[in-house]
Amino acid sequence: LQSTFESALAAPGQTQDGTRVEVHLNAGLSADSQIAINQGVDGVGLFRTEVPFLMQRRFPSEDEQVKQYRAILASYPDKPVVMRTLDIGGDKPLPYLSVEEDNPFLGWRGIRFTLDHPDIFLIQVRAMLRASIGLNNLKLLLPMISGRNELLEAKALISRAYQEVSQEAQHAGQSLNIPLLGIMVEVPSILYQLDSIARDVDFLSVGTNDLTQYLLAVDRNNARVADIFDALHPSVLHALASIAAVGTRHQLPVSVCGELAGDPVGASLLVGLGYHQLSMNTRNVAKIKYLLSRLPHERLVMQANQVLTLDHPSEIRTATEAFLAAQG
Ligand code: PEP
Ligand code: MG
177 LQSTFESALA APGQTQDGTR VEVHLNAGLS ADSQIAINQG VDGVGLFRTE VPFLMQRRFP
237 SEDEQVKQYR AILASYPDKP VVMRTLDIGG DKPLPYLSVE EDNPFLGWRG IRFTLDHPDI
297 FLIQVRAMLR ASIGLNNLKL LLPMISGRNE LLEAKALISR AYQEVSQEAQ HAGQSLNIPL
357 LGIMVEVPSI LYQLDSIARD VDFLSVGTND LTQYLLAVDR NNARVADIFD ALHPSVLHAL
417 ASIAAVGTRH QLPVSVCGEL AGDPVGASLL VGLGYHQLSM NTRNVAKIKY LLSRLPHERL
477 VMQANQVLTL DHPSEIRTAT EAFLAAQG
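Using this note's numbering, read the sequence shown as starting at 177 and increasing by one per residue.
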């Protein structure tokens, strides 16, 4: 078993019949934001940049950030690395910036905070761009976008940072590629603007943790309602199906970087719903690649369509577990 596992890890992610499913890594949440070099992945699908900010006593300087980001980009020189701009607030308050809010998850979080502090945003984006000079594997990701207006505002700042850094690079005889830009699809309001933002972005990344929380109005960290926080809720799955359809309609790459992508039932359904890029914690990579390598794509599509007709998250999980068991 060990060797089958290992060969699935070494091979590119794919279903049994050879449908390619890229498997990327989520990184940055643990205190050691060092990411293990994982040869079996297609890149880093989500680097949460909060950690260096949470671990210090003040905002890290641009140079400090450059060092951190460079280390990560250089670990995967030939693969894309998706760096998400600061997503503090919610359950991740900064120790040196006290914000009192009744509902932090509905409050000053992610892009809302950074657009109100363009200085902090510009320093971070400049640091990411500087770190990517010569490597050119950086992709930028914006968290908590709830409307096209926020995306356009962020794009204007990114473009300013790009002009500055690319000029500095030119003076030093180096060149800087324009990084690909994407948004997290995790605030439900953006679902209704995906067609109109398709031309503004290069990719989408679905955050199923927050999408579930906000779609179901269930706090993702509240033990009392933990049993109704379930990404397999039919409404979440229907939302996921419609996001995948946007990707197909606009030929826009769409990945999933929430916890659902690293769960065997979740990953199987996501591939069946039309996702070809999954991003997960390193401990799930081998398991998911192995699982997919044993499943025919066509059957995954059938299974996903079938569960879309069910009403209960638990039914959906049980049915899909039975399907997986039947596939061996
Ligand atoms: C998500 O919301 O699904 C996600 C991947 O981002 P985070 O867990 O960091 O909010
Ligand atoms: Mg999120």
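The C-beta atom is built at its ideal place from N, Cα and C for all residues, glycine as well.
Going by DSSP, what residues sit across from V382 in a beta bridge?
To locate residue 382, count along the sequence shown from 1; it is residue 206. Bridge partners of V382: V361, V432.
Select from V483, M304, A348, M360 the residue whose C-alpha is nearest the C-alpha of S335.
Along the sequence shown, read from residue 1 onward, the residue named residue 335 stands at position 159. It is M304.
Run through DSSP, which three-state label would L314 get?
What you label residue 314 is simply residue 138 of the sequence shown in a count that begins at 1. Three-state result, L314: strand.
Closest by CA to D487, which one among S183, K331, L413?
Working through the sequence shown from its first residue, we reach residue 487 at position 311. Cα-wise, what sits closest to D487 is L413.
Confirm the yes/no value for this check: CB of D386, any heavy atom of the ligand MG, distance under 7 Å.
Against the sequence shown, residue 386 aligns to sequence position 210. Yes, the Cβ of D386 comes within 7 Å of a heavy atom of the ligand MG.
Can the beta-carbon of G118 be found less than 8 Å from the beta-carbon of E277?
The shown model of the chain, from 177 to 504, leaves out residue 118, and the question about it has no answer.
Tell whether a beta-carbon distance below 8 Å holds between I404 and I359.
For this step, residue 404 is matched to residue 228 along the sequence shown. For this step, residue 359 is matched to residue 183 along the sequence shown. Not a contact, by the Cβ cut-off of 8 Å.
Between R302 and the ligand PEP, is the CB less than 7 Å from at least one heavy atom?
Indexing the sequence shown from 1 puts residue 302 at position 126. Because no heavy atom of the ligand PEP lies under 7 Å away, the Cβ of R302 does not count as near it: no.
Please report the distance separating the alpha-carbon of V197 from that of L380.
Working through the sequence shown from its first residue, we reach residue 197 at position 21. Working through the sequence shown from its first residue, we reach residue 380 at position 204. Between V197 and L380, the C-alpha separation is close to 16 Å.
Restricting to Cα atoms, I'd like to know which of A374, H473, N385 is closest to T424.
Sequence index remark: in the sequence shown, residue 424 carries index 248 (1-based). Here the closest residue by C-alpha is A374.
Residues in the same chain with beta-carbon distance under 8 Å from S365, minus the five sequence neighbours each way, listed in chain order, please.
Counting from one through the sequence shown, the residue named residue 365 turns up at place 189. For S365, where only same-chain residues beyond five positions count, the Cβ hits under 8 Å are S322, G323.
I need the DSSP call for M320, collapsed to helix, strand or coil.
Translated into the one-based positions of the sequence shown, residue 320 becomes position 144. Three-state result, M320: coil.
Go to Q223, then tell me how far its beta strand (DSSP E) extends in each direction, as first and last residue.
Along the sequence shown, one-based indexing puts residue 223 at 47. Gln is not the amino acid found at residue 223; the sequence shown has Phe there. Counting along the chain, the beta strand (DSSP E) containing F223 begins and ends at 220-224.
Measuring alpha carbon to alpha carbon, tell me which of I309, A332, L314, L356 ends up nearest H347.
Position 171 of the sequence shown, counted from the first residue, corresponds to residue 347. Closest by alpha carbon: I309.
Hey, could you find the ends of the beta strand (DSSP E) L449 is sitting in?
Here residue 449 refers to the residue found at position 273 when the sequence shown is read from its first residue. Premise fails: L449 lies in the alpha helix (DSSP H), 440-449, not in any beta strand (DSSP E).
For S351, collect the residues of the same chain with a Cβ closer than 7 Å to its Cβ; drop the 5 residues on either side in sequence, then sort them by chain order.
Taking the sequence shown and counting its residues from 1, the one referred to as residue 351 is at position 175. Closer than 7 Å at the Cβ level, and outside the excluded window around S351, lie A345.
Quick one: what's got a C-beta closer than 6 Å to L416's C-beta in the same chain, skipping five residues either side?
Taking the first residue of the sequence shown as 1, we reach residue 416 at position 240. So the list reads L449, once near-sequence residues are dropped.
Just confirm the distance between the C-beta atoms of I248 and V220, as a whole number of angstroms; I'd bet it's less than 8 Å.
Locating residue 248 in the sequence shown gives position 72, counting from the first residue. Locating residue 220 in the sequence shown gives position 44, counting from the first residue. Sure, about 7 Å apart at Cβ, within 8 Å.
Run through DSSP, which three-state label would G286 get?
Position 110 of the sequence shown holds residue 286. The answer is helix: DSSP assigns G286 an H, G or I state.
By alpha-carbon positions, which one of S490, N460, E491, Y451 ends up nearest to T191?
Residue mapping note: residue 191 aligns to position 15 of the sequence shown, counting from 1. Here the closest residue by C-alpha is Y451.
Look up R396 in the DSSP assignment and say whether it is helix, strand or coil.
Counting from 1 along the sequence shown, the entry for residue 396 is found at position 220. Reduced to three states, the DSSP call for R396 is coil.
Tell me, to the nearest whole angstrom, how far the beta carbon of L370 is from that of K315; I am working on the premise that it is less than 8 Å.
For the purposes of this step, residue 370 is taken as the residue at position 194 of the sequence shown. For the purposes of this step, residue 315 is taken as the residue at position 139 of the sequence shown. That pair is no contact at about 18 Å.
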